[in-house]
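Visitor: Oh and the sequence shown: position 272 is 272 in the UniProt record's numbering, straight run, nothing missing. Following this message is one structure expressed as structure tokens.
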Amino acid sequence: NNGSSSNNDSSSSNSCLHQKWHADGGHLFSEHQLPEGLTLPPHCINVFYPLVDLTTENGPTEFRIGSHRRDSGDCNTEFPLLCPAGGVVLFDYRIQHRGRANLVVPSPSTATSSNSNININAFDTNNNDDKENARPVLYLAYAKTYFKDHGNTRSGRRLDPNTHSSSSWTTRTLEGRPVPYGKGLENYGSSSKAAVANNKAEEELNKNDASKAKRSDDVNGNKNNNDSGNDNETTPTTNDSSTNEVVGERWVLFRMTLELPDGTSQVLQIHNGDVAVEVAQQFCFRHGLQDDFVGVLTETIENQMKECVD
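Written out as structure tokens, the structure is:
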């Protein structure tokens with residue numbers, strides 16, 4: 001049931017102020033839309049990974065017990081989260097919480113007076129970038145497929161670095177992930193409807209790239225002044241699928257249940273960043289469907305993607 005996820009990394013540096021009480025999100029429906037006092041099950045769960053031991057001094061996260069429920073009368077019971085590094089805590093997306101002040105005393109720094117040779121040990125209480133005393137945590141959220149979080153930003157950094165030495169389309173092929181249709185495979189000799197449609201799409205894309213490059217030259221005053229002195233020379237363009245790589249973590253947009261000609265059904269899962277024709281082509285190939293199904297399935301996926309984005 002966990003359809004989407006986001007991640008972030010944050011830390012509490014040396015500070016004398018508590019955060020304000022807040023919830024990462026509210027209820028899906030207002031009180032007058034539901035029976036009095038009813039609290040729906042969580043539609044989003046937060047996962048909290050402390051990367052250092054959490055103590056009462058270094059700014060642990062604190063919760064108000066029961067604050068995510070509408071039938072809870074007393075929500076003022078405060079509960080600090082004290083756990084070792086690597087511990088995992090799951091809590092409701094709607095619960096009130098805050099980061100407490102980091103009271104760890106920074107390492108002393110040595111300063112020399114301009115009027116004497118006396119060394120002065122001083123504590124820089126305003127240094128918010130003290131890595132030694134920071135309290136880093138890894139923060140993730142897992143949500144139902146129908147829920148879109150508009151209030152919290154997604155991380156733009158991958159949790160694991162890209163260590164693959166092969167090209168992006170080759171890597172995606174080996175890992176079984178969707179590959180741009182027509183990349184890495186010689187399809188131009190095929191007369192199938194899917195291949196013809198894809199070839200036309202690539203040709204149109206290359207024309208658009210060339211047009212953009214020409215407009216860029218015009219703006220920079222290079223229309224008739226290229227290095228070779230040939231006014232008719234054009235710069236070849238490439239259609240590099242790596243420029244469309246999704247930054248950050250992928251999440252599920254939706255799932256579709258498809259009935260196959262043999263009477264069975266299969267669930268097709270679409271992620272953020274997937275290309276409709278790629279997924280349709282792979283699905284049809286995997287289940288032995290004819291090329292005619294690719295176009296129909298592609299259109300269906302694209303329409304559903306638009307609804308998710310809108």
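Note that beta-carbon positions come from the ideal geometry of N, C-alpha and C, so glycine has one too.
Is it buried or exposed, HIS68, if we count other Cβ atoms within 10 angstroms and call 16 or more buried?
Guide: Counting the other Cβ atoms within 10 Å of the Cβ of HIS68 gives 16 or more, which makes it buried.
Visitor: Determine the DSSP secondary structure at ASP240, reduced to helix, strand or coil.
Guide: Note that ASP240 scores a pLDDT of 42, beneath 50, so its modelled location is shaky and nothing firm can be said.
Visitor: Per the DSSP calculation, THR257 is bridged to which residue(s)?
Guide: Residue pairing from DSSP places THR257 in a beta bridge opposite VAL267.
Visitor: What did DSSP end up calling GLY25 once you bin it into helix, strand or coil?
Guide: coil
Visitor: Looking at the secondary structure, which residues open and close the beta strand (DSSP E) in which residue 324 lies?
Guide: Here the chain covers residues 1 to 310 and nothing more, so residue 324 does not appear.
Visitor: Please report the Cβ distance between LEU90 and VAL47, rounded to the nearest whole angstrom; I am assuming they are in contact, meaning their Cβ atoms lie under 8 Å.
Guide: That pair is a contact at about 6 Å.
Visitor: Would you check if the distance between the CB atom of PHE79 and the CB atom of ILE65 is smaller than 8 Å?
Guide: yes
Visitor: Tell me HIS97's beta-bridge partners as DSSP assigns them.
Guide: HIS22, PHE63
Visitor: Roughly how many angstroms lie between the CA atoms of THR257 and ILE301, to the nearest whole one?
Guide: 12 Å
Visitor: For the alpha helix (DSSP H) containing ARG286, name the first residue and the last one.
Guide: 276-286
Visitor: Would you call VAL267 buried or exposed, if buried means 16 or more other Cβ atoms sit within 10 Å of its Cβ?
Guide: exposed
Visitor: If you draw a straight line from the C-alpha of ASN303 to the C-alpha of GLN269, how long is it?
Guide: 15 Å
Visitor: Give the straight-line distance between the Cα atoms of ASP92 and PRO42, rounded to the nearest whole angstrom.
Guide: 6 Å
Visitor: Using the Cα positions of SER30 and TRP21, report the straight-line distance between them to the nearest angstrom.
Guide: Approximately 21 Å, taken between the alpha carbons.
Visitor: Quick one: residues in its chain with C-beta nearer than 6 Å to the C-beta of ALA276, no 5 flanking neighbours on either side, listed in chain order?
Guide: THR298, ILE301, GLU302
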